[in-house]
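Report on the structure given below.
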Amino acid sequence: MKLSEFRFEIKTKLTVATLIPLMVAIFFCYLAGIFILNAKVAGQAQEKVRNDLNVAREAYQNELSRIYDVIRFTSQFGSTAAAIDAGDRAAIEQFLAPVRLREHLDVMVAVDGYGRVIYRANNPAVYGDLKNTDQYVTRPLKGETVYGTTVIPAAMLAREGADLVRQARVAVRETPQALPSSEAEREDGLFLMVGVPVRDRLGAIVGAIYGGVLLNNNNALVDKIKGIVYETDKNQGKSFGSATIFLGDVRVATNVADNSGARAIGTKMSADVYKKVILTDAKWVGRAFVVNDWYLTAYQPIHSLQGVPIGALYVGMKENQYSSVKTDITLLLSIVVILSALIGVGVSSILGGRLAQPVKSLALLARRLAAGEREVHSDIASRDEIGDLAGNFNEMSQALREREDRIIELNRNLEQKVAERTSELEENNRLLIQTREELLRVEKLAAIGELAAGVAHEINNPMAIIRGNTELLQLSLPEDDPNREEVETIFAQVKRVERIVSNLLIFARRERRELGTVRLNALLHEIVGQIGYQVPLEGIEIVENYDADAAQVGGDSHQLSQVFTNLVVNAIQAMPKGGVLTVETARGKNGGGFVVRVCDTGEGIPPENLSQIFNPFFTTKRSGTGLGLSVTYGIVKEHGGSIEVENLSQGGCCFCVSLPE
Ligand code: ADP
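Numbering (the UniProt record's numbering), first residue to last: 1 to 661.
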């Protein structure tokens, strides 16, 4: 799986993003800290060891000063000059021997003005030898006080004291990193030596006293140095510093321990140190291999009076002592670094979590918004990019809400419009069907009219002859003729046929329209007044209800009279058992034209017949022609009007004729 396929939480990313620079910084701080510590510790260690060497040199010089004080003090005793001048060995012994013992001097010798030994406090048996080549004698005899370090060869050492030969003897041991030894033993002795002149009361030099301390196997001095230098450097109660006095490159006095824990006397300084300190006569401050381990060291050459390096003074401490300090400090630093890193992880994790929290809550709100929730609002008010994001989110949520409201509103309007358009369409459809029906009817009427006109025309002439002849027959028959009744019946039927023919001719619109002004109310009143001549009005109540404004319309008064007569006759015929005939006029609905209503209280028209009553020859009456309403329809249409019928809820029906003005 690739890294990019993993899903990391924003909190983790933020934590990592803050931690990486922190960790890098901590890592580099750690490295820098270790580097600085190392350099500092090493530098300080070096500095310390250099200072230690100075202190050691002071201690060494102090010892020399002590010897100087002792010798000088002895040389200035009141009786010293006289005793030396007189060569009085007993007198000399009296003040030399106790001083030597008290002051722990290995050598204390009085010589006369020629350099001849008068008395050796450490070896009284040997005297009389001439020391005129020894600078610690020759130079005091010239009035100079001399002090320093010197090497006394084995042969001469025996003369200075039998025990000194033994004390001076040092078995040279092969030492790692040191030059191979050319000799198995060092028998010569390294001395701190002082030579002072002895003057009589007049200041004339009568002799000299020289004395000193053998440093070979003399551990008191090195221990004293160690005590002074490392007094404060205690490590768990145990001093870890060391001091050494070298004769040449051999340790003749030391407190450095060898592998067995004994003093490493006889071991040698490393070849590197030897080359620098003894051969080139320079100081050594730094790391050096000492006996069996690495030490931080400082070496200083010890010179003879001629300025030749004859040995060295050393102080140092085991490197691992400082290494352990370094390790402790490194450990402490590491703990500090780890703790800071852990605190860093904790803090950045908390901060990361806090920063990620608003993003998470926004994501949750976005999910709720996506799920269709409407009132989604973020309360994050932080003044940063996340606060901006939350603000943008709220604006987006608000905009979505408004858009949704607009869409719902539009939808509602659309539905309303569709409903309106549908009803308009239905109305148009209805009108279309009605128009088509009317067209069909008109076409049918036209065809029937054509036929009827032809038939009527053909029948008219024979009927005129029949009528003329029937009238003649009627006139020629006497009043009491028994056949007169049949002749009258023929005459009545001829009249009926003529009426039918007349109706057919009207129906076929063969008659010419005579246009004029028709006063509706007057016309209707006249028709109602004379209707009794056409149909019996038994049990019929007539109600006339005219609108005064329904004054007049343009049209053919004869044809319109036929229209209203047909309607009134039909209404009366619909009420065979009596009822109320209502004739009314009114202004048109929208103030245009006039409306005439003819209503009855009869049976009404069965619904299945409603669509047929205007068809020619449709009749439900035994002696009906079925032409009345179709003629009425045709006339009204020709006048630009319309005719409608409706059944009344209380029984009966109303015919409603609308005419334009
Ligand atoms: P006719 O009167 O000769 O039957 P019409 O064309 O005048 O012919 O009428 C057709 C039919 O319409 C009538 O037969 C009748 O059934 C019906 N009708 C007309 N007027 C009315 C009315 N006022 N009440 C009931 N039915 C009517």
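Note that CB positions come from ideal geometry on N, CA and C, so glycine has one too.
Burial state of arginine 251 (16 or more Cβ within 10 Å): By the neighbour-count rule (16 or more Cβ atoms within 10 Å), arginine 251 is buried.
Closer than 7 Å: phenylalanine 618 CB and nearest ligand 1 heavy atom: Checking the Cβ of phenylalanine 618 against ligand 1 gives yes.
heavy atom of ligand 1 below 7 Å from residue 663 C-beta: The structure shown has nothing for residue 663, since the chain only spans 1 to 661.
Straight-line Cα distance separating leucine 342 from glycine 20: Note on residue identity: the sequence assigns isoleucine, not glycine, to residue 20. Distance between isoleucine 20 and leucine 342, taken at the CA atoms: about 13 Å.
Contact belief for asparagine 255 with serine 270 at Cβ below 8 Å, rounded distance in angstroms: Contact flag wrong, Cβ pair sits at about 18 Å.
Paired residues, beta bridge with aspartate 293 - DSSP: Aspartate 293 pairs with Val290.
Leucine 192 versus phenylalanine 27 - alpha carbon distance: Looking at the two C-alpha atoms, the distance is approximately 56 Å.
Separation of asparagine 411 from alanine 371, as counted between CA atoms: Their Cα atoms are separated by approximately 21 Å.
Status (buried if at least 16 other CB within 10 Å, exposed otherwise) for proline 140: Classification of proline 140: buried, given that the 10 Å Cβ count is 16 or more.
Alpha helix (DSSP H) segment containing glutamate 488, residue limits: First-last of the alpha helix (DSSP H) with glutamate 488: 484–507.
Backbone CA spacing between isoleucine 310 and alanine 155 [nearest angstrom]: Using only the alpha carbons, I get a separation of about 18 Å.
C-beta contact flag for asparagine 216 and alanine 168 at 8 Å: Cβ atoms of asparagine 216 and alanine 168: closer than 8 Å.
Cβ pair valine 109, valine 117 closer than 8 Å: Yes, they are a contact pair.
Heavy atom of ligand 1 within 7 Å of serine 643 beta-carbon: The amino acid at residue 643 is misidentified as serine; the sequence shows isoleucine. Every heavy atom of ligand 1 is 7 Å or more from the Cβ of isoleucine 643, so no.
Residue nearest to glycine 592 in terms of C-alpha spacing, selected from Leu659, Ile350, Glu319: Nearest to glycine 592 by C-alpha distance, out of Leu659, Ile350, Glu319, is Leu659.
Distance CB(asparagine 394)-CB(serine 378) smaller than 8 Å: For asparagine 394 and serine 378, yes; Cβs fall inside 8 Å.
Nonlocal neighbours in the same chain, by C-beta distance under 7 Å from threonine 267, ignoring five residues either side: In its chain, beyond the 5 residues on either side, Arg173, Thr175, Arg251, Asp258, Val291 have a beta carbon closer than 7 Å to the beta carbon of threonine 267.
Cβ-based burial, valine 137 [other Cβ within 10 Å; buried from 16]: That one is buried.
Inter-residue Cα distance where the pair is leucine 214 and glycine 87: Rounded to the nearest angstrom, the two C-alpha atoms are 27 Å apart.
Test item: CB-CB of glutamate 9 and alanine 356 under 8 Å: Yes, the pair counts as a contact, with Cβ atoms nearer than the cut-off.
Paired residues, beta bridge with proline 301 - DSSP: When beta bridges are read from the DSSP output, proline 301 appears opposite Ala312.
Cysteine 656 beta carbon near ligand 1 (any heavy atom closer than 7 Å): Cysteine 656 Cβ: outside cutoff for every heavy atom of ligand 1.
Isoleucine 209, enclosing beta strand (DSSP E) - first and last residue: Taken as a continuous stretch (DSSP letters only), the beta strand (DSSP E) holding isoleucine 209 covers 205–214.
N-terminal and C-terminal residue of the beta strand (DSSP E) that glycine 344 is part of: Per DSSP, glycine 344 belongs to no beta strand (DSSP E); it is in the alpha helix (DSSP H), 319–370.
Contact test: leucine 629 Cβ vs ligand 1 heavy atom, cutoff 7 Å: Yes, the beta carbon of leucine 629 sits closer than 7 Å to at least one heavy atom of ligand 1.
Check: asparagine 570 C-beta below 7 Å from any heavy atom of ligand 1: Yes - ligand 1 has a heavy atom lying nearer than 7 Å to the Cβ of asparagine 570.
Buried or exposed by the 16-neighbour rule on C-beta atoms within 10 Å, applied to methionine 575: It counts as buried.
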